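A.B. asks: Dropping a structure here in structure tokens format, bear with me for questions.
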Amino acid sequence: MVKAVQIWTSNEALQDPDGQLWSGIEKQRVTLLASPIISQPSEYIQNKWASLKWGATPEVRVAAAHNGKSVFFRLEWDDTVEDRPTDTADFPDQCGVMMPLKNDALIAEMGAPDLPVCMWLWRADIPTPRYVTAQGRGTTSRYPESPLTGQGVWRNGVWQVVISRPFNVNLPAALTVPLAPGLKHKCTFAVWQGSNKERGGLKAYQPLWQPLEIES
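Per my numbering, residue 5 is the first one in the sequence shown, and the count goes up by one each step.
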């Protein structure tokens, strides 16, 4: 279970992946697996990667907190190469927090037409995390005005990333996961290693929903 503990502090203090407050919050080790080849959105990718390996990250260490105004997820994983590319031919390191917008949406399939999902997607090459929704393979849609904040630090072969969202957001109800102190929900996680050319559906992910509890 991922528990967002309550800490009365500023947004800035929790948005810092290196912040001292995070050292006192328990990390949950979440095992990651390579996403299934059959779930890739195009036949071209399925054929090209059939004999290659992706999903290079075996686990992500997750901690969560809230300050009564916003919820914060801190993701940490091992990566020997820092990928913050400026050339579009290269691929950035990325991580994501995914939640179902409705019931038990299918994780590997990125949801379904009647079971959508949303993902908070942090990329090492852009300053603001993307707020993405999907209703199945190949249906990813990015909301133009992201309500998310993110910050990442790479040091000595380890990424530390914090992604946060205010409890109250100006988003359409159909695109919003209700989050507030005392509520319970579900989440899962994914990591992309740019040096391994991972992008899109080629990732390491946790295929089961993890219980999420926001401390009251």
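Quick reminder that beta carbons are idealized off the backbone N, C-alpha and C, glycines included. This structure is a prediction, so every number in the text was calculated from the model and none was measured.
From what residue to what residue does the beta strand (DSSP E) around I218 run?
C.D. replies: Note, I218: beta strand (DSSP E), 214-218.
A.B. asks: Using C-beta distances below 6 Å, list every residue in its chain close to L206, excluding the 5 sequence neighbours before and after it, in chain order.
C.D. replies: Only W58 meet the Cβ criterion.
A.B. asks: Out of V6, W12, P40, W53, which one is the CA nearest neighbour of E30?
C.D. replies: Nearest of V6, W12, P40, W53 to E30, Cα basis: V6.
A.B. asks: Helix, strand or coil: which one does DSSP assign to L25?
C.D. replies: Three-state result, L25: helix.
A.B. asks: Report yes or no: do three or more beta-carbon pairs, one from the segment 147-166 and one from the segment 37-50, lie closer than 8 Å?
C.D. replies: The answer is no - the segment 37-50 does not touch the segment 147-166, with fewer than three Cβ pairs under 8 Å.
A.B. asks: Report yes if the C-beta distance between W126 and Y135 is below 8 Å; otherwise report no.
C.D. replies: No, they are not a contact pair.
A.B. asks: What did DSSP end up calling Q155 once you bin it into helix, strand or coil?
C.D. replies: Correct three-state label for Q155: strand.
A.B. asks: Give the secondary structure of L187 by DSSP, where H, G and I count as helix, E and B as strand, and everything else as coil.
C.D. replies: Residue state, collapsed to three classes: coil.
A.B. asks: Counting Cβ pairs closer than 8 Å, one from the segment 187-200 and one from the segment 88-101, do we hit at least three?
C.D. replies: In short, these stretches touch, since the Cβ pair count reaches three.
A.B. asks: Counting only beta-carbon atoms, is A184 nearer than 8 Å to chain D?
C.D. replies: In the structure shown, chain D does not exist; there is a single protein chain.
A.B. asks: Under a Cβ-count criterion, where at least 16 other Cβ atoms within 10 Å of its own Cβ denotes burial, should P133 be classed as buried or exposed?
C.D. replies: It counts as buried.
A.B. asks: What did DSSP end up calling Y209 once you bin it into helix, strand or coil?
C.D. replies: Looking at Y209 - three-state DSSP - the assignment turns out to be strand.
A.B. asks: Find out if the Cβ-Cβ distance for the pair Y171, S55 is shorter than 8 Å.
C.D. replies: The residue you asked about is not Tyr; residue 171 is Phe in the sequence shown. No, these two residues do not count as a Cβ contact at 8 Å.
A.B. asks: So what does DSSP say about I111, is it helix, strand or coil?
C.D. replies: Correct three-state label for I111: coil.
A.B. asks: Looking at P120 and K106, is the spacing between their C-beta atoms short of 8 Å?
C.D. replies: Cβ distance < 8 Å, so K106 and P120 count as in contact.
A.B. asks: Along the chain, where does the beta strand (DSSP E) that runs through Y147 open and close?
C.D. replies: Here Y147 belongs to no beta strand (DSSP E), and DSSP marks it neither H nor E.
A.B. asks: Just curious, the alpha helix (DSSP H) that E16 is in, first and last residue?
C.D. replies: 15-19 is the span of the alpha helix (DSSP H), which, as asked, contains E16.
A.B. asks: Please confirm whether G142 and P45 have their CB atoms less than 8 Å apart.
C.D. replies: It is a contact, given that the beta carbons lie within the stated cut-off.
A.B. asks: For the alpha helix (DSSP H) that I49 lies in, which residues bound it at each end?
C.D. replies: 47-52 is the extent of the alpha helix (DSSP H) around I49.
A.B. asks: Specify the secondary structure class of I11 as computed by DSSP and reduced to three states.
C.D. replies: In this structure, I11 counts as coil in the three-state DSSP scheme.
A.B. asks: At what residues does the beta strand (DSSP E) containing Q164 begin and finish?
C.D. replies: 162-170 is the extent of the beta strand (DSSP E) around Q164.
A.B. asks: Please tell me whether S168 and L18 are closer than 8 Å, where the distance is taken between their beta carbons.
C.D. replies: For S168 and L18, yes; Cβs fall inside 8 Å.
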